[in-house]
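Chemist: Here you go, one structure.
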Amino acid sequence: MTDASLNTPAHSGKQLSQADAHTKKRNAAEKRFRAYGLSAILIGLFFLVVLFTSIIRSGLPAFTRTVVDVEFTLTQEQFDAAEKELFKTKAYSNLFIAELQGKLGEKGVEVEFDEKAIERLLGKVGSTIREHYKENPDTLGAPVRFELAASSRVDGYFKGRVTRDTLQDSRFLQLSDLDLVDALEEAGVIKQAFNWTFITGTDSGVDNPGGAGIGASVVGSFFMMLVVLALSLPIGVAASIYLEEFAPQNKFTDLIEVNISNLAAVPSIVFGILGLAVFIQFMHLPQSAPLVGGLVLTLMTLPTIIISTRASLKSVPPSIREAALGVGASKMQTVFHHVLPLAMPGILTGTIIGLAQALGETAPLLLIGMVGFVARGYPEGFAQGFTEANSAMPAQIYTWAARADVSFYEKAWGGIIILLAFLLTMNIIAIILRRRFERRW
Amino acid sequence: MTFAKLTASTLAIAALSATTAAARDNVQVAGSSTVLPYASIVAELFGDNTDFPTPVVESGGSSSGLKRFCEGVGENTIDVANASRAIREKEIKACSENGVTDIIEVRIGYDGIVFASQQTGPAFTAFEPADIYNAIGAKVMKDGALVDNTHETWAEFNADLPGVEIAMFIPGTKHGTREVFEEKVLLAGCEATGAMEAMIEGGMSEDDAEDACFDVRQDGKSVDIDGDYTETLARIDANTNGIGVFGLAFYENNTDKLKVATMSGVTPSTETISTGEYPVSRPLYFYVKKAHIGVIPGLKEYAQFFTADEIAGPEGPLAQYGLVADPDLAATQAAIANETTMGGGM
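Taken in sequence, the protein lines are chains G and C.
In this note's numbering, each residue's number is its place in the first sequence (first place is 1) plus 5.
In this note's numbering, each residue's number is its place in the second sequence (first place is 1) plus 239.
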């Protein structure tokens, strides 16, 4: 603004330091706009805070559980007898109940209770006991200390979900049982503990919320993401480099471009149907396998990656390309030595957005058998991780949210926390990689 | 690094998928969301108590389960379809057209359908099928004539019921539960109110009149729920006047939120259902593809385990969860042991 004198006549004799009506109006408009922007951010923040507090408040209880902590001795004969039954886990839990009942007197618990009361207090403890003795047969005959899940209503009583006022007598729990629970708590038999099963375990039947965990589905999601990453990144990057740097501009490439943009807007369930028809019914890949899930999600993620990769390739200044070509680099050398490294941060951002989208997707998994009761447990090896039936985190959360027992609802919220943690880890890795690749000019 | 390594791993995955495309070692189940809880209990126990891997149980409704069941024979099709109703002639035909000819029908027990409302809501304590039909039927009797349903409140047709707005949440058409609801409640109500008679007098054939009885009003007083019972529960939670249709087991798990109404004067419970007193109950089934027995490891064992006295009997975990045990379980067990298919063949 060197020639301010030119503007002077416009102010028609007024001093520059005094704002005229027009300027005031403009300044006010700017202030108003700032206020709008600030309030938009505040509203956004407010909802974020509400979302996080409700997720954390509803989800945190999933990380603790109520356990019965007692010593238990199983003899070789009892073990052999139980193993002969059809319903082995029931036999183990009956033995445990009998032993616990006998021990209550010496623990100083003197509350009257009927014979089924202890069964009502306990969760499905049989399978934990059987698993332990199957793996450690040498502990037979010696006392072993077990921490076994209490039933879902007792758990609710400790967490405040069930109170004496709201509890209705049923075969699941009776009001009189709560006296026994209080006495057991005083004796230190029942207590709250950190719920490792929730983090490491697999899904459980609807009558066994104490044994449900999200671990196996985290592994399922992990393998799916591996497939998505390994397929969509190279394919997506190769496609966009070709389209952006090598392909001639003609009707055919235009058509491809339009279709890629359209594909990015296709609802994800469509890819699920496609996956069912092509991968399972035609190619005969296994159902409910992370491999198929990954392939379906790859189709879904590809357009996102292609679009963002092309955008970041475009944003590399043409001078870089010209300089490289000018010193005698071939077209391919230009792309791989100069353009691609500079576009890398953008490509990584696009990839991570695509992966994050794929991670949270349930709809396509519905059709390929990954939503439902999938409790295969951890895969035996790396290769099996792709092909053995498994669930995925969002599918697991969806399944839990649909169950009758309220404690599964709590687990669904807990699952969301784990899902967010997984996502955050992915994002942090992407940010670190971006920092390493980032260049300025 | 990147490019060569990524391409190599891509190829590795492709090769891997080609080699492992064969051999499925777990039982694959799909179908009714009413049977799903029971099937998931059994699947977990089956994995815990035997050396076979835990079966995979998917949901989606009886019809969609049976449709997938009938897609053909082979490892890429499901082995077992859960259903909250018996398989239809049409479906058996579709099955046999795709080569699924030998089907073993397994009845696992009975399930009651209950009508429940908010624990603290209006006093919906006793219903007759006629009340439900008057509330949500498409055409009802009013002053001796068959008219379009314009009832706004329950008290309009039954002074014993609260004078609050009608809001019913019924299972959507893809659920097997809908069929039982139509036949045991709507049709019974249609007959009891005289609407069916009026329809026949109006020139309809008996079959058409029956179908017309299944029509529900479309003005928003009756809402189809296509999801699970948790969705119905959420709707009831949000609407004090709402009446929902639930499975007995679901209600029993949520007695702190829901209160149940009697139907024709009978309170729903496992006892009244097993004696047949409570009118709205239905058998639950699963169907096994005989061609898969011996091919998919653990399939027959799964069916046997499911119907064992220890599991499906009156003292078993299924009854504990809310299934009404089948008194003829022994016959079912024998049918599985002999692999008796539908139509009597072996």
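A virtual CB, placed ideally from N, CA and C, is assigned to each residue, including glycine.
Only a predicted model underlies this, so the values are computations on that prediction, with no experimental measurement involved.
#1: Measuring alpha carbon to alpha carbon, tell me which of G:Gly110, G:Phe92, G:Ala328 ends up nearest Gly131 (chain G).
#2: For Met288 (chain G), write down the residues that DSSP places opposite it in a beta bridge.
#3: Would Arg417 (chain C) be called buried (16 or more neighbouring beta carbons within 10 Å of its own) or exposed?
#4: Alpha carbon to alpha carbon, how far is Ala400 (chain G) from Phe284 (chain G)?
#5: Determine, using beta-carbon pairs with one atom in the region 389-397 of chain C and one in the region 433-441 of chain C, whether at least three such pairs fall under 8 Å.
#6: So, does the region 450-459 of chain C touch the region 367-381 of chain C, judging by three or more C-beta pairs under 8 Å?
#7: Less than 8 Å between the beta carbons of Phe363 (chain C) and Ala500 (chain C), yes or no?
#8: Using a Cβ-Cβ cut-off of 8 Å (strictly less than) and excluding sequence neighbours within five positions of Val443 (chain G), which residues of its own chain qualify?
#9: When you check each C-beta in the region 269-291 of chain G against every C-beta of chain C, which residues fall closer than 8 Å?
#10: Distance check for Glu510 (chain C) and Glu120 (chain G), CA to CA, integer angstroms please.
#11: Would you say Leu284 (chain C) faces chain G, with C-beta separation under 8 Å as the test?
#12: For chain C, is any of its Cβ atoms less than 8 Å away from the one on Ala9 (chain G)?
#13: In whole angstroms, what separates the C-alpha of Tyr524 (chain C) from that of Thr258 (chain G)?
#14: Could you tell me which of C:Glu554, C:Phe308, C:Asp287, C:Ala374 sits nearest to Glu330 (chain C), measuring between CA atoms?
#15: Per the DSSP calculation, Met438 (chain C) is bridged to which residue(s)?
#16: Label Ala261 (chain C) either buried or exposed according to how many other C-beta atoms from any shown protein chain fall within 10 Å of its C-beta, with 16 as the threshold for buried.
#17: So what's Gly351 (chain C) in DSSP terms, helix, strand or just coil?
#18: 8 Å is my cut-off, CB to CB: does Pro361 (chain C) come that close to chain G?
#19: Compare the C-alpha of Pro522 (chain C) against each of C:Phe354, C:Val345, C:Asp382 and name the closest.
#20: Confirm, please, whether the CB-CB distance from Val321 (chain G) to Leu290 (chain G) is below 8 Å.
#21: Given a cut-off of 8 Å on the beta-carbon distance, is the pair Ser513 (chain C) and Val563 (chain C) in contact?
#22: Please list, in chain order, the chain G residues whose beta carbon lies closer than 7 Å to that of Val296 (chain C).
#23: Our contact map puts Lys416 (chain G) next to Phe203 (chain G) with C-beta atoms below 8 Å; I'd like the distance itself, whole angstroms only.
#24: Is Gly486 (chain C) helix, strand or coil when you go by DSSP?
#25: Can you give the Cα-Cα distance for Phe211 (chain C) and Ser279 (chain C), rounded to whole angstroms?
#26: How would you label Pro410 (chain C), buried or exposed, when you count the other beta carbons within 10 angstroms and need 16 or more for buried?
#27: Using 8 Å as the limit for Cβ to Cβ distance, is Asp160 (chain G) near chain C?
#28: When burial is assigned at 16 or more other CB atoms within 10 Å of the CB, is His414 (chain C) buried or exposed?
#29: Short of 6 Å in beta carbon distance, which residues of its chain neighbour Thr316 (chain C), apart from the five on each side in sequence? Order them along the chain.
#30: On the three-state DSSP scale, how would you describe Ser303 (chain C)?
#31: Under a CB-based cut-off of 8 Å, is Arg327 (chain C) close to chain B?
#32: Do you know whose CA, among G:Leu429, G:Ile421, G:Asn432, G:Leu438, lies nearest Leu65 (chain G)'s CA?
#33: DSSP state of Asp387 (chain C), grouped into three classes?
#34: Under 8 Å, Cβ to Cβ, is there at least one residue of chain C near Thr28 (chain G)?
#35: In its own chain, which residues sit with a C-beta less than 6 Å from the C-beta of His531 (chain C), not counting the 5 before and 5 after it?
#36: Between the Cα of Val376 (chain G) and those of G:Leu145, G:Thr80, G:Leu47, G:Ser226, spot the shortest distance and give me the residue it belongs to.
Modeler: Quick look at the numbers:
#1: Closest option to Gly131 (chain G), Cα to Cα, is G:Phe92.
#2: Beta-bridge annotation (DSSP): Met288 (chain G) is not paired with any residue.
#3: buried
#4: 19 Å
#5: no
#6: yes
#7: yes
#8: Reading off the sequence, residue 443 (chain G) comes out as Glu, not Val. Excluding residues within five positions, the ones whose Cβ falls inside 8 Å are Pro350.
#9: Ile285, Gln286, Met288, His289, Leu290, Pro291
#10: 21 Å
#11: yes
#12: Here the model assigns Ala9 (chain G) a pLDDT of 49, short of 50, so the residue's position is not dependable, and the following value carries that caveat. No, Ala9 (chain G) does not count as interfacial toward chain C.
#13: 55 Å
#14: C:Phe308
#15: Per DSSP, none; premise fails for Met438 (chain C).
#16: Residue placement at Ala261 (chain C) cannot be trusted, given a pLDDT of 49 that sits under 50; the coordinates are not used to answer.
#17: In the structure shown, Gly351 (chain C) sits in a strand (DSSP, three-state: E or B).
#18: With 8 Å as the cut-off, Pro361 (chain C) does not count as an interface residue toward chain G.
#19: C:Val345
#20: No, these two residues do not count as a Cβ contact at 8 Å.
#21: yes
#22: Gly377, Phe378
#23: About 7 Å; that satisfies the 8 Å criterion.
#24: strand
#25: Limits of chain C in this structure are 240 at one end and 585 at the other, which puts residue 211 (chain C) out of reach.
#26: Pro410 (chain C) should be labelled buried.
#27: no
#28: Burial check for His414 (chain C): the Cβ neighbour count within 10 Å reaches 16 or more, so the residue is buried.
#29: Glu310.
#30: helix
#31: The chain labelled as chain B is not found among the protein chains of the depicted structure, namely G and C.
#32: G:Ile421
#33: strand
#34: no
#35: Asp318, Leu538
#36: G:Ser226
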